[in-house]
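Working notes, beginning with the structure itself.
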Amino acid sequence: LYCAVFLKKKKFSDIRLIRRENNPLTLAIMHAPRTAYARSLEGEAGMVNRKSHWRLIGNNAVLVGAVQAKNNARVVFTGSLDMFSDEFINSNYVQEGKKIVQTGNRDFVKAVTEWVFKRKGVLRVKSIRHHRSGELVPPPDYTIMDAVEYEIEVEELKNGAWVPYTVNDMQMEFVRIDPFIRMTMKSKAGKYKANFKVPDVYGVYKFLVDYSRIGWTHLRNVTQVSVRPFKHHQFERFVPSAYPYYISAFTMMLSVFVFSFFFLYHQDVNAQKKNN
């Protein structure tokens, strides 16, 4: 949809649209120039009171708008049916230097039609892989502090064929209720990779890719995995920070041994031997 046709002039007539800026599902495909001005006519049929009057200035006047729902359904609204007519599509205008150039209506209508019928601007997930670093097969569960590799392959629909979709802003989250890790993945030919270390908190986690960009379908992929604590043989035998406690424990054991030895084998001299 975003192509060079917008550099050409386009013919348009009829009404303008108003877009709410706080609605993330709406999209202004084409708006009026900065110098444009439109308002309702006082006393016009259908106008009941002054509150129903409106005015639009500059880029706030939307000529062609769209809505992409959360399920990626698309709807295009236009204030001009003439824009799609043969007369407007085949019309010309005089460019600087007295050169006759065809308007951009034809290319614009084609681009908008392909977009609304999902012939472009469509993303899909081709494959997902995750495993421990140095391995190739995903394990049944992960252990805290494991080094993990995550890879997702994304494609876009272009000219009727699926091709790799390459950007540098796709992120991955490792979520357990809240994200513990959020990082931008490295991309190469449509494949996105992330290397990270599992947090030291066990539980049920999700690999989450939630990618949303204007003009593209919303891409959301969730893969659930389990993270368990260390098994008894995986813990460190001796922790350096606990050496003082180890010393005190062994000292206590040695003291008990020495005390027991003297208590059991030490014998006092009897009174007769003392008198003699």
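14 is the number of the first residue of the sequence shown in our numbering; add one for each residue after it. All C-beta atoms, glycine included, are put in the ideal place defined by N, C-alpha and C. The model shown is predicted, which means the values in this text are computed figures rather than measured ones.
Review point. Would DSSP call Phe-25 helix, strand or coil?
Key: Annotation note: pLDDT 48 at Phe-25 (below 50); position unreliable, coordinate value reported separately. Collapsing the DSSP output to three states places Phe-25 in coil.
Review point. In terms of DSSP beta bridges, what is Ala-41 paired with?
Key: Beta-bridge pairing links Ala-41 to Gly-78.
Check your understanding: Out of Asp-213, Tyr-215, Trp-175, Leu-221, which has the shortest C-alpha to C-alpha gap to Ala-202?
Key -> For Ala-202, the nearest C-alpha among the options comes from Trp-175.
Point to revise | Same chain, Cβ closer than 6 Å to Gly-59, neighbours up to 5 away in sequence not counted | key: Caution is warranted here: a pLDDT of 46 is assigned to Gly-59, below 50, making its placement in the model unreliable, and the coordinate value is therefore given only provisionally. Within its own chain, no residue has a Cβ closer than 6 Å to the Cβ of Gly-59 once the five positions on either side in sequence are excluded.
**Study point:** Alpha carbon of Ala-124 to alpha carbon of Val-167, nearest angstrom
**Key:** Their Cα atoms are separated by approximately 22 Å.
Point to revise | Minimum Cβ-Cβ distance from Val-222 to chain C less than 9 Å | key: Within the model displayed, chain C is absent; a lone protein chain is all it includes.
Check your understanding: Whose C-alpha, out of Val-214, Asp-191, Glu-148, Leu-232, is nearest the C-alpha of Val-222?
Key -> Residue Leu-232 is the option with its Cα nearest to Val-222.
Point to revise | Sufficient close CB pairs (3 or more, under 8 Å) joining the segment 34-41 to the segment 77-88 | key: These segments touch.
Review point. Which term fits Val-61, buried or exposed, when burial requires 16 or more other beta carbons within 10 angstroms of its beta carbon?
Key: Because Val-61 sits at a pLDDT of 44, beneath the cut-off of 50, its placement in the model cannot be relied upon, and the following sentence gives the value as read from the coordinates. Counting other Cβ atoms within 10 Å of its Cβ, Val-61 stays below 16 and is therefore classed as exposed.
Practice item. Report yes or no: do the segment 158-167 and the segment 126-142 share at least 3 C-beta pairs separated by less than 8 Å? Key: Yes: the two stretches touch, three or more of their Cβ pairs being nearer than 8 Å.
Exercise for review: Consult DSSP for Lys-133 and reduce its assignment to one of helix, strand or coil.
Suggested key: Here Lys-133 carries a coil assignment [DSSP, helix/strand/coil].
Review point. Given a threshold of 16 other Cβ atoms within 10 Å of its Cβ, counted over all protein chains shown, does Phe-270 qualify as buried or as exposed?
Key: Looking at its Cβ environment, which holds fewer than 16 other Cβ atoms inside 10 Å, Phe-270 is exposed.
Check your understanding: Do Asp-182 and Thr-197 come within 9 Å of each other at the CB atom, strictly closer than that value?
Key -> Cβ distance < 9 Å, so Thr-197 and Asp-182 count as in contact.
**Study point:** Residues bridged to Gln-186 (per DSSP)
**Key:** The question names Gln, but residue 186 in the sequence shown is Glu. In DSSP, Glu-186 forms a bridge with Arg-195, Leu-221.
Check your understanding: By how many angstroms is the C-alpha of Asn-36 removed from the C-alpha of Phe-101?
Key -> Phe-101 and Asn-36: Cα-Cα distance of roughly 31 Å.
Point to revise | Which of helix, strand or coil DSSP assigns to Phe-19 | key: Its pLDDT being 39, under 50, Phe-19 is placed unreliably in this model, and the value from its coordinates should be taken loosely. Three-state DSSP puts Phe-19 in a helix.
Exercise for review: Could you have a look at Arg-250 and say whether DSSP puts it in helix, strand or coil?
Suggested key: Correct three-state label for Arg-250: coil.
Review point. Expressed to the nearest angstrom, what Euclidean distance is found between the alpha-carbon atoms of Asp-281 and Ser-273?
Key: When rounded, the distance between both Cα atoms is 16 Å.
Practice item. Please go through the same chain and pick out, in chain order, the residues whose beta-carbon is closer than 7 Å to the beta-carbon of Arg-119, but skip the five residues on each side of it. Key: Annotation for Arg-119: Ile-102 place their beta carbon closer than 7 Å to its own, counting only its chain and skipping 5 residues before and after.
**Study point:** Per-residue burial, Thr-116 [other beta carbons within 10 Å of its own, 16 or more giving buried]
**Key:** Counting Cβ neighbours within 10 Å, Thr-116 comes out buried, since at least 16 surround it.
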